[in-house]
Every structure is written in C-alpha cells, then in structure tokens.
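Participant: Can you keep this structure in mind? I'll have questions shortly.
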Amino acid sequence: MTEFLAMGGYAQYVWPTYGLTLIVVVINVVAARRRLRSVREALALKAARERRRRSQA
Amino acid sequence: MRLLRAMLLRDLRLAFRRWGDVVSPLMFFAIVTSLFPLALSPRHDVLQSLGPGVLWIAALLAMLLSLNALFRQDIEDGSMEQLAIGPHPLALLMLYKSLGHWLVAGLPLVALAPLLAVTYYLPGDAVAALCLTLLIGTPTLSLLGSVGAALTAGIRQSSGLLALLVLPLCLPVLMFGSRATALAGQGEDISGPLLLLAAMLALAASLLPLAAAAGIRISLD
Amino acid sequence: MRITLPTWFHKLASPPHFYRFARLLGPWLLWVSLLLMLIGAWGGLFLAPPDYQQGDGFRIIYVHVPSAYLSTMIYAVMATAAAIGLIWRIKLAHAVAAAAAPVGAWFTFLALVTGALWGKPMWGTYWEWDPRLTSELILLFLYFGYMSLRSAFDDQSRADRASAVLALVGVVNLPIIHYSVIWWSSIHQGPTISKLDAPSITTDMLWPLLVMILAYTLFFAAVLLQRVRAEVLDRERHARWVQELLAGPEGEVR
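Chains as they are written, first to last, in the working numbering: chain Y, 2 to 58; chain G, 203 to 423; chain R, 23 to 276.
Below, the structure is given as structure tokens:
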C-alpha cells in the first residue's frame, strides 16, 4: 500500500493532479446545482409574492 | 463608393483636427519602449535580443489605446444608424472604418519604429524587417480591434474588456511579427513569416468586417 | 441558400421540452460519468503498468489528457451552439453556449495545472512555453473574454448575440493561434520534449484513458444539462410553462 501511495517517487505530482481533478469535478457539480437552486428559489419567491398580492386584491 | 470615401476622409479629418488622436499612440509607443531599457538593463546585447518583442508589444498596445473611441462618436451622433440602414453593406463600411483606424493609429507607428529600433541597437536588416512586419501586421490588428470595438460599443467602461477580448486574438500577428524581426537580425530569410502575415491580413480583411458589422448591429438595437 | 433544421431539433429546442428532457437525463448521466471516472482512475492507478520511461509519473495522463481534450471540445460545442443561436435565432442554443463557457474554463484550468504538475518531473519545470501548454493558456483567456463580454451586458439578447460573434471569431482564430504557437516554438530553442511525444502505449495503458475520456464527456454533458436548465428557467421566467411548473403539485419548480 505504501508502495502504491509512493507512486514510484512521483507521489507529489500524481496525487495532487488526481486531487485537483476531484476538486474541479465537485466544484462543477455543486456550482451547477447551486445555480439551478438559486433560480428556482427566486422564481418561487416571486410566485409566492404574486399569490399573496392576488389574495389581497 | 463616394459615401465610403467621404466617411473615410471625414474620419481622417476629425482625427487630424484633434491632434491628440494621432499623437497619443505615438507618444505611448515611444514612452513604453523607453521604459524597458531603464527597467531592465541598458546593455546592448540584452536590448538587442529584447528589442523585436518589446517594439511589437508596444505597437500592439499603442494601437489598442484608440480603439475604444472607434465607433463611439458615430453611435452617439446617430450617423452609424444612418449608415446601417443605408445602401452600402455594413461590412464594407467596417472595412473602411478599420482602414481609417490603421491610417491614424497604425501607419504613424510604422514610421516611428525605425527610430526606436535604433535605440535598441537593432541591426539594419532587423530594422527593415520590423517596418515591413509592422506594415503588414498592424492592419490585421486594426481589423481585429474593430470587431472588439463593435462588440463593446454599447457598453460603458469597456476599455479593460476590449483589451481582454482583442489581445488573445492578436497573438499570432505578434508572434510572427516579432520572431520575423528577430530572425532577420540573425541574417535569416524571413519571406515565410512575411507571407503568413500577409495571409492573415487577407483572411482578416475578408472575414472580420462581417463580424464587426454583426457586432455593430447588435450594439445599435 | 436556406438550411432548415430537422423537426426533432425544433421540438427539442423548445424550452419546456428540453427542460423535461434534461431533468430526466441529467442525473443518470452524472452518476454514469462518475462511475466511469472511478473505473478509469482505478484502471489508471492500479492496473496499468508503469511506463518504461516515465515510471508512475505517466499516470497523470489519465486526468490530464481528457481535460485537455474537453477544454477544446467544449469550446467547439460553445461556438456551434452560438452559431446555431445566431443563425436560426434559437434561444435555447444561446442558453447552451452560456452554460458551456464556465465548465470549459474550469477544464482548461485543470488541463493547465495537471500539465504543469506533469511537466515538473518530466521537464524539470512546472511551466514550459511548449506549444500545447501555451495554446491551452490562450484558450483560457478566450473563455475569460467570452464570459466577461457576456456579463458586461444587461440585456440578455444582446449579451447572447455579441458573445456568439466573439465565440465564432475565436473559433476561427484558435487553429491559427495553435499553429503559430507551434511554429514559434519550433524556431525557439527549448528543451526537447521527446519524453512526452509518441508514448509507447499498450492496451492495459490505453483502456483507462479511453474510459476517462468517455467519463469526462458524459460529465460535461451532465453538468451542461443542469446549467442549461437553470439558464432556461431564468430566461423563460415569464413563460406559461414555467408558471405552470410553479403552480404544480410540488408547489415549487422541480
């Protein structure tokens, strides 16, 4: 296992690249999700406000 | 055709009336090139190897300076709208606009370049190559710049954005121009890069006015 | 000459259709791509034998090459979508172009950094003005320019069309930039990079790479679908189908 982790002496280059790839993948998933959620929330807020206005009128 | 020539002449007259439009790129060119020896080293060999690149970069930046205002006045006084609905294809008009920009901001740089090249101790062949590459390369920069200026014409505070859009696109011209100058200094044949620069100019002149026209249409409505 | 698009295209290009399609397909694509990524990483890190020249350092290839491929592929997708949006005035195509740009910029960044980390053991330096790295850097600048131009407009339609023109100018320029960088560095004496050229690749080295390329592509598709959904909802917020979704049984847009 330690031999595997050492990557034949290239550990300090191999593992950061895989780690960074993981980070970029996660960032992309999270960012896309958050963007969709924020649009949805803005729309829901607007709809709720509209409903309230309609019920008051 | 007469309208186009009239527009070009008007642009030139306006530029020469406001003398600053012609002089400020030249002064910028001269000042930026004189910064490098002071900041880096006045040694002959250093300057000789840096010269082609520095002179080309300074010329590129000097041309960018005046791009911001390329369409501003035409749009503000409404004449661009007139031209857009006029009988001439807008792309042809854009070609003339780029030509006007080059005559005001590009050609003077070509004239000043040999003087500045001498302060970098460039050999005679390199000076000639610098002038030749600038002569063929700077019109392409004007054409690329006209696309950037057209796309950002409707945006306030666009100067930083314009540089961000245009500079990466200018890289091939910059690389060929400065490398050809450096190669000529080493006594090598530079007809290859010169032909490539000419090919880029031909491609740019045939395609980029179309993109600039599309950009102006978008900025107008 | 008028080119007409097939009808399925128009149907898919209608925002409500696309929204439903993306909602169904997106999660599947994401999980499949993540699974493939794990398989590819497992194959690349465990199963592939060390390279006879680069040892275990070559394992960076499995995350570097797919991201470099994706960075240009995404630019092509973006420019194609921009052209479709510009020519046929399809709003969804503009939404796709807008959604692709940030993902493309991320993978260009990833390709640059993984390339640098590969360069350090192979060339002895993190950064080399090598044609591939340089072109990649310029590609990153093009993405930045595209996104900045887009965000500089308040008006959505103008932002769409102006950035589409820029994307098209960029796509014509990209090969010119690429080949001029190659020419430029061929006369620029640099270190020999023969170590990276023509790697003798065997099957058990190759398949994880192919799996990774597929995984990255599907991952891009999944993220793109999700981003386009957000774009479409935002752009169509006044459309009836969005209102109906809002008033749907879930009480909010799903």
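All residues carry an ideal CB built from backbone N, CA and C; glycine is no exception. In this text the structure is predicted, and so the values were computed from the model without any measurement.
Below 8 angstroms on the Cβ atoms is my guess for E158 of chain R versus A133 of chain R; work out the distance and round it to an integer in Å.
Facilitator: Rounded, the Cβ-Cβ distance is 5 angstroms, consistent with contact.
Participant: Applying a beta-carbon distance threshold of less than 9 angstroms, which residues of chain R neighbour G379 of chain G?
Facilitator: Under the 9 angstroms cutoff, chain R gives no residues; its nearest Cβ is about 11 angstroms from G379 of chain G.
Participant: Could you tell me whether the Cβ of F163 of chain R comes closer than 7 angstroms to any Cβ of chain G?
Facilitator: yes
Participant: Buried or exposed, going by whether 16 or more other CB atoms sit within 10 Å of the CB of G212 of chain R?
Facilitator: In this prediction, G212 of chain R scores a pLDDT of 47, lower than 50, which makes its location untrustworthy; the coordinate-derived value is nonetheless stated afterwards. Exposed, since its Cβ has fewer than 16 Cβ neighbours within 10 Å.
Participant: Closer than 7 angstroms, CB to CB, is A413 of chain G near chain R or not?
Facilitator: yes
Participant: Mind checking who D73 of chain R pairs with in its DSSP beta bridge?
Facilitator: R:G77
Participant: For a contact meaning CB atoms closer than 8 angstroms, what does W140 of chain R contact in chain Y?
Facilitator: Y14, T18
Participant: Tell me whether Q284 of chain G sits in a helix, a strand or coil according to DSSP, three-state version.
Facilitator: helix
Participant: Return the chain-ordered ranges of every alpha helix (DSSP H) run that is complete within the region 88-154 of chain R and spans a minimum of 4 residues.
Facilitator: 113-145
Participant: Between T22 of chain Y and chain R, is the shortest Cβ-Cβ distance under 7 angstroms, so that the two count as touching?
Facilitator: It does; some Cβ of chain R falls within 7 angstroms.
Participant: Please check if any C-beta of chain R sits within less than 7 angstroms of the C-beta of V225 of chain G.
Facilitator: no
Participant: Please report the distance separating the alpha-carbon of L139 of chain R from that of F5 of chain Y.
Facilitator: 19 angstroms
Participant: The alpha helix (DSSP H) that contains Y298 of chain G, what's its start and end?
Facilitator: 292-303
Participant: Would R53 of chain Y pass as an interface residue toward chain R - the criterion being a Cβ-Cβ separation below 7 angstroms?
Facilitator: Answer no: the Cβ-Cβ gap between R53 of chain Y and chain R never drops below 7 angstroms.
Participant: Between which two residues does the alpha helix (DSSP H) holding I198 of chain R run?
Facilitator: That run of the alpha helix (DSSP H) goes 178-208.
Participant: Per DSSP, what kind of secondary structure is L353 of chain G in: helix, strand or coil?
Facilitator: helix
Participant: Would you mind telling me which residues of chain R sit closer than 9 angstroms to V349 of chain G, beta carbon to beta carbon, in chain order?
Facilitator: V187, L188, V191
Participant: Touching or not, the region 204-219 of chain G and the region 288-304 of chain G, by the rule of three or more beta carbon pairs under 8 angstroms?
Facilitator: A contact exists between the region 204-219 of chain G and the region 288-304 of chain G.
Participant: Three or more C-beta pairs under 8 angstroms: does that hold for the region 363-372 of chain G against the region 311-328 of chain G?
Facilitator: no
Participant: Between T130 of chain R and G288 of chain G, what straight-line distance do the alpha-carbon atoms span, to the nearest angstrom?
Facilitator: 43 angstroms
Participant: If you compare alpha carbons, which of Y:Y11, Y:A43, Y:V31, Y:R35 is closest to L268 of chain R?
Facilitator: Comparing Cα positions, the closest option is Y:A43.
Participant: Please name the residue, chosen from G:L257, G:L269, G:L346, G:R274, that lies closest to S380 of chain G on a Cα-to-Cα basis.
Facilitator: G:L257
Participant: Is L34 of chain R near F40 of chain R, with beta carbons less than 7 angstroms apart?
Facilitator: yes
Participant: If we ignore side chains and look at the alpha-carbon of each, how far apart do G20 of chain Y and L206 of chain G end up?
Facilitator: 59 angstroms
Participant: Does G387 of chain G have its Cβ less than 7 angstroms from a Cβ in chain R?
Facilitator: no
Participant: Assuming contact is defined by CB atoms lying nearer than 7 angstroms, are M265 of chain G and G222 of chain G in contact in what I supplied?
Facilitator: no
Participant: So, at 6 angstroms on beta carbons, what are the nonlocal neighbours of I61 of chain R in its own chain, with the 5 sequence-adjacent residues on each side left out?
Facilitator: Only V233 meet the Cβ criterion.
Participant: Counting only runs that start and end within the region 344-392 of chain G, where is the alpha helix (DSSP H) found for 4 or more residues in a row?
Facilitator: 361-387
Participant: Closer than 6 angstroms by C-beta to W263 of chain R: which residues in its own chain qualify, once you throw out the five before and the five after it? Chain order, please.
Facilitator: When the five nearest sequence neighbours on each side are left out, the beta carbons in the same chain lying within less than 6 angstroms of the beta carbon of W263 of chain R are those of P38, in order along the chain.
Participant: Starting from W50 of chain R and walking both ways along the alpha helix (DSSP H), at which residues does that stretch end?
Facilitator: 37-64
Participant: Between A119 of chain R and G107 of chain R, which are expected to be in contact by the criterion C-beta below 8 angstroms, what is the C-beta distance as a whole number of angstroms?
Facilitator: 6 angstroms
Participant: Taking the Cβ atom as the reference point for each residue, do Y74 of chain R and P230 of chain R lie within a distance shorter than 7 angstroms?
Facilitator: no
Participant: Taking 7 angstroms as the CB-CB cut-off, is A416 of chain G touching chain R?
Facilitator: yes
Participant: For a test of the three-state rule: what should DSSP assign to Y84 of chain R, helix, strand or coil?
Facilitator: helix
Participant: For P325 of chain G, name the three-state secondary structure that DSSP assigns.
Facilitator: coil
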